[in-house]
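Novice:
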Amino acid sequence: MSKRFIRKDVLEKVRTLSAFDYLRNYAPDLLVKNGRTDYYHRDHDSLHFSNGKWYWWSQGKGGTSALDYLIIVEGYEFKDACNYLSELMNVSEPVTTYYHPKPIKPFELPVKDKNNDLVIRYLCEIRKIDKDIVDDFISKGMIYQSANFKNAVFVGYDKDKPAYAFKRSIFKNFKLDHAGSNKAFSFNYTNKNSNELHVFEAAIDLLSYMTLLKMDEIDYTEFNYLSLAGASDKIASKSEADIPIALKAYLERNPNIKTIIFHLDNDEVGIGATSKIISILNSKYPCIDEHPTSYKDVNEELIHKNSLLSTFF
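Structure follows, in structure tokens:
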């Protein structure tokens, strides 16, 4: 077979191989079981495989075929990926997995509770976030209390339509993206007249920073804010395609942004993620690392400052 050109029959054959079957047959040590039919990638814990499809949550990329997997995840050139898969399949015919496809459901928010009392108490009394700020987000449909489990729900919108929801327990350390959420529209606050974006790992840190600004008599509405809904320092390359999908999509939707200020957590993952993202973006945007140096995260800084003020007043 010519290495310069891919014959039609070869291309058709390699396209029949799914990413999951490629790994299961030729690199099984890279698959980690995560339920009855779900798996994740050993080296990329946000890369999941289920029912014949794969999705890389931290990057917002996915597909079905092994060919796409090798190009997107492993960085192969198209012809090299085709030749590699063809040679593997000629040496050892892969065993194919068959699936019963699940119907695709439209995204639906968790059912709202009859009131938001417990969530307001949690955010304002325990997390020390300013009540006017919380009330403002509630009025916009961006924060509410779920009927089931009384979780705090933080909502992101695609224009006027809910597209993302992050659930945070107010009783224990449970936090999770709601099923079907599109991380490209994670929780944010946008001011089209501002060119400054503040980036956080979590919605609570975002709200905490707004509160800190208000305490310093700074108008927090003058800036843009984005929650990444988590952070990962497992960024393999220095390509703009490898930055978190929440940030990448936000920048694409908001060309007014000129400066990015990062307030990720003061831990190994947060500091590592900040460093890697800045190394990718700093040729295009002035980037500043303002992670809290004396506290674990922005909310811990707010709680500490609040306790100091209550001591003196």
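Take the sequence shown: its letter number 221 is residue 221 in the UniProt record's numbering, and every next letter is one higher. For glycine and all other residues, C-beta sits at the position ideal for the given N, C-alpha and C.
1) Got a sec? Which residues, its chain only, sit under 6 Å from M210 by beta carbon, not counting five neighbours each side?
2) Taking all protein chains shown into account, decide if F78 is buried (16 or more other Cβ within 10 angstroms of its Cβ) or exposed.
3) Look up F166 in the DSSP assignment and say whether it is helix, strand or coil.
4) Could you say if the segment 28-41 and the segment 147-154 meet the contact criterion of at least three C-beta pairs nearer than 8 Å?
5) Going by DSSP, name the residue or residues bridged to L226.
6) Which whole-angstrom value describes the C-beta separation of A246 and A184, a residue pair presumed to lie in contact below a C-beta threshold of 8 Å?
7) Could you tell me whether the segment 107-118 touches the segment 49-57, using the rule of 3 or more Cβ pairs below 8 Å?
8) Which of helix, strand or coil does DSSP assign to S139?
9) Pull up the distance between the alpha-carbon of Y286 and that of L67, whole angstroms please.
10) Could you tell me if S2 is buried or exposed, where buried requires 16 or more neighbouring beta carbons within 10 angstroms of its beta carbon?
11) Can you give me the Cβ contacts of N299 inside the same chain, cut-off strictly under 7 Å, excluding the 5 residues immediately before and after it?
12) With H, G and I counted as helix, E and B as strand and the rest as coil, what does DSSP make of T259?
13) Does the Cβ of D43 have 16 or more other Cβ atoms within 10 Å, making it buried, or fewer, making it exposed?
14) Can you give the Cα-Cα distance for P94 and I261, rounded to whole angstroms?
15) So which of L23, S310, L213 and Q59 has the shortest CA-CA distance to D231?
16) From N148 to R168, what does the alpha carbon distance come to, in whole angstroms?
17) Out of R24, N188, R36 and D45, point me to the one whose CA is closest to L251's CA.
18) Could you give the uninterrupted runs of the alpha helix (DSSP H) lying entirely in the segment 66-91, keeping only those of 4 residues or more?
19) Indicate the three-state DSSP secondary structure (helix, strand or coil) for M1 in the structure shown.
20) Report the rounded CA-to-CA distance for L308 versus Y295, giving the unit in angstroms.
21) Given a cut-off of 8 Å on the beta-carbon distance, is the pair N195 and I288 in contact?
22) With C-beta atoms as the reference, is W57 less than 8 Å away from S65?
23) Return the chain-ordered ranges of every alpha helix (DSSP H) run that is complete within the segment 260-306 and spans a minimum of 4 residues.
24) What number of angstroms, rounded off, separates the C-alpha of S275 from the C-alpha of K284?
Specialist: On the basis of the supplied data:
1) Cβ contact annotation for M210 (same chain, cutoff 6 Å, sequence separation greater than five): I133 and Y220, in chain order.
2) Around the beta carbon of F78, a 10 Å sphere encloses fewer than 16 other beta carbons of the protein chains shown; the residue is thus reported as exposed.
3) In the structure shown, F166 sits in a strand (DSSP, three-state: E or B).
4) With a cut-off of 8 Å, the segment 147-154 and the segment 28-41 do not count as touching, because too few Cβ pairs lie within range.
5) Per DSSP, N188 and V199.
6) Going by Cβ atoms, the distance from A246 to A184 rounds to 7 Å, so yes, they are a contact pair.
7) Verdict: no, contact absent.
8) In this structure, DSSP gives S139 a helical state, which the three-state scheme calls helix.
9) Checking the sequence, you will find Pro at residue 286 rather than Tyr. Taking the straight line from one Cα to the other gives about 36 Å.
10) Reliability fails at S2, whose pLDDT of 42 lies under 50, so the model's placement of it is uncertain and no value is given.
11) If we look at N299 and ignore the five residues flanking it on each side, its Cβ neighbours are R127, I204, D205 and S208.
12) Looking at T259 - three-state DSSP - the assignment turns out to be strand.
13) Result: exposed.
14) CA-CA distance, P94 to I261, rounds to 48 Å.
15) Strictly speaking, residue 231 in this sequence is Ala, with Asp absent from that position. Comparing alpha carbon positions, the residue from L23, S310, L213 and Q59 closest to A231 is Q59.
16) Whole-angstrom Cα-Cα distance: 12 Å.
17) Ranking R24, N188, R36 and D45 by Cα distance to L251 puts N188 first.
18) Assignment of alpha helix (DSSP H) within the segment 66-91, counting only whole runs of 4 or more residues, yields 66-72 and 78-91 in chain order.
19) Low confidence applies to M1: its pLDDT is 39, below 50, so where it sits in the model is not reliable enough to give any reading.
20) For L308 and Y295, the distance between alpha carbons rounds to 14 Å.
21) No.
22) Against a cut-off of 8 Å, the Cβ pair of S65 and W57 comes out as no contact.
23) As summarised for the segment 260-306, the continuous alpha helix (DSSP H) elements at least 4 residues long and confined to that stretch are 268-281, given in chain order.
24) In a straight line, the C-alpha of S275 is about 15 Å away from that of K284.
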